[in-house]
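Below is one structure, written out as structure tokens, with a few remarks after it.
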Amino acid sequence: MTHAVPVAPPRRLVEFEVDGEKCKVREGTTLLEALRARGQDQPTLCHLENLTPVNVCRVCVVEVEGSRTLVPSCSRPVEPGMKVKTDSPRVRHSRKLVFELLASSVDLSLVDARTRGFMERYGVDGERFGPRAAPAAAGERDAATPGHHHAPEPGVAATVAQPVKVDNDLYVRDYSRCILCYKCVEACGEDAQHTFAIAVAGRGFDARISTEGDVPLTDSACVYCGNCIGVCPTGALMFRSEHELRQRGEWAPERQTVTRTVCPYCGVGCNLELHVQDRRIVKATSPLDHDVTRGHLCIKGRFGWEHVQPAASGPLQLQPQPVPGGAGAEEGALSDVAPAERGDAPKASPRLQRGSS
Ligand code: SF4
Ligand code: SF4
Ligand code: FES
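Residue numbers for the sequence shown follow numbering that gives the first Met the number 0, beginning at 0 and rising by one.
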């Protein structure tokens, strides 16, 4: 039996100019993709390969000859004859200002090294607009009246600082770090989960991520897939395990290993990246380039690993268990089993048990 192989129509090459150099890319390629393919990375905050571009952060802007405004490289497709400048004074000035507005009002201390590098390159001064205003009380920003104008507090920079929301066992929400990039909203909605538990509420500086109807997260439609955590660029959404280790000063990425494996729960075949510190899984992510799930998971893959954690009081051990009718002893799959315990029982199969030693 023969199978039809769908073939996409050929895409013609488009010629354009970047910083004075001619180049060609396939039709439909975005400026960001074209620039990255040339080895010219651009800063991005609201863009991610597995999400639809929303163009809200504007740190990726470039100058296009003939265009009245700077254009977002993350979403603008290359057009024939375009003349693009990626590092003009206007581009640098705009990117610096956007980063400074964000840094003055949001805690950016957990952005990735790449973003920090761009902030250093543009000489971003987070104190440019003065010292930061005092944090809001818990719930204060959530109660802001939409559209109501607040007179600015003189001498200080307004901030979104507020207490961390810890209301469930799986993840925390620290909206002091939220830049309103919309990524979590996209991941919860049309781009991945289709749950639509969260959206942007309010206007202007009061705009914030909120549940539908502003109900507590635990009463919302959230299914705890954690896809919002997976895309958040600032650490505003964080595994509770990571949050607690950070609170105790014990979060140590330099002691962590990342192991790629397949989620054991169902037949979809999602890939997991298990982040392990001191022999405990501290979080699970998923690779963006995986062709089935493209970085997204469900609650089981994202959070369902507590049952393989070693007990706090001792290492994970394999305890030989009798198997009715089994022939001979089976070797444990994990190396943690003490040699003296292996093969002690003549009819055995490996089974996980919390260590007590
Ligand atoms: S955990 Fe999943 S369902 Fe809940 S808010 Fe995040 S993306 Fe939406
Ligand atoms: S919580 Fe994170 S992903 Fe969501 S809008 Fe804020 S910064 Fe973006
Ligand atoms: S990354 Fe392009 S607008 Fe945010």
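The beta carbon of each residue, even a glycine, is placed where N, CA and C say it ideally should be.
Computed from a prediction, not measured in an experiment: that's the story for all the values here.
According to DSSP, residue pairing for M237 in a beta bridge involves V171.
Taking the Cα positions, A143 is about 32 Å away from L69. DSSP places V230 in the uninterrupted alpha helix (DSSP H) bounded by N226 to V230. When DSSP reads this structure, A198 sits in a beta bridge with S209. Taking 8 Å as the cut-off, one finds no heavy atom of ligand 3 near enough to the beta carbon of H242. Annotation: H274 is outside any alpha helix (DSSP H); the continuous beta strand (DSSP E) that includes it extends over N270 to Q276. For L44, the distance from the CB to the nearest heavy atom of ligand 3 is below 8 Å. Below 8 Å, enough C-beta pairs join the stretch 59 to 66 and the stretch 80 to 95 to call them touching: three or more. The secondary-structure analysis by DSSP pairs F15 across a beta bridge with C22.
Judged by beta-carbon spacing, E26 lies within the 9 Å limit of P76, meaning their Cβ atoms are closer than that value. With the rule of 3 Cβ pairs closer than 8 Å, the stretch 12 to 25 does not count as touching the stretch 148 to 156. A156 sits in a strand when the DSSP states are folded into three classes. By the Cβ-count criterion, A112 is exposed, with fewer than 16 other Cβ atoms from all chains shown falling within 10 Å of its own Cβ. For a cut-off of 8 Å, the C-beta gap from E241 to V281 is around 6 Å, short enough to register as a contact. Excluding five sequence positions before and after R11, the CB atoms of its chain that fall closer than 7 Å to its own CB belong to E26, given in chain order.
With 16 or more neighbouring CB atoms inside 10 Å of its own CB, P52 falls in the buried class.
Shortest gap from the CB of T233 to any heavy atom of ligand 2: under 8 Å. Remark: the shortest separation between the CB of L169 and any heavy atom of ligand 3 does not fall under 8 Å.
Counting along the chain, R89 sits inside no beta strand (DSSP E); it lies in the alpha helix (DSSP H) bounded by residues P88 to S104. If you ignore the 5 residues before and after P162, its C-beta comes within less than 7 Å of the C-beta of A137, all in its own chain and listed in chain order.
Around the CB of F195, fewer than 16 other CB atoms lie within 10 Å, so the residue is classed as exposed. Around the Cβ of S108, a 10 Å sphere holds fewer than 16 other Cβ atoms; the residue is exposed.
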